[in-house]
Amino acid sequence: MPAKTPAGAPENGGPPRTELQELQLKAGQVTDESLESTRRMLALCEECDRIRLMNQEHVTAEGKPFSD
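Read in order, the letters of the sequence shown are residues 1 to 68 in my numbering.
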């Protein structure tokens, strides 16, 4: 994660950001964090589904009934 600059501080020595620019930057950061969180949750769901299918295969191979 990139280093955070204080509010209003320019990133590359440019002019200070306006309040609107600060809000837009923060909105973009929150969006990025939300997307990354969603990606992690999707990966966890896919992993759980993979494990469920493996368990179902093992139980079926043992000849025991399996219900979803």
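Where is the CB? At the ideal position from N, CA and C, for every residue including glycine. This one's a predicted model, so the numbers in the text were calculated from it and none came from an experiment.
Does DSSP put Lys26 in a helix, in a strand, or in coil?
-> As a first step, residue 26 is located in the sequence shown; it is residue number 26 there, counting from the start. Lys26 falls in the helix class under three-state DSSP.
Helix, strand or coil at Arg17 [DSSP, three-state] | Your numbering for residue 17 matches position 17 in the sequence shown. If DSSP states are grouped into helix, strand and coil, Arg17 belongs with coil.
At 4 residues or longer, and completely inside the stretch 37 to 65: list those alpha helix (DSSP H) runs for me, N to C.
-> Unbroken alpha helix (DSSP H) runs of no fewer than 4 residues, entirely contained in the stretch 37 to 65, are not found.
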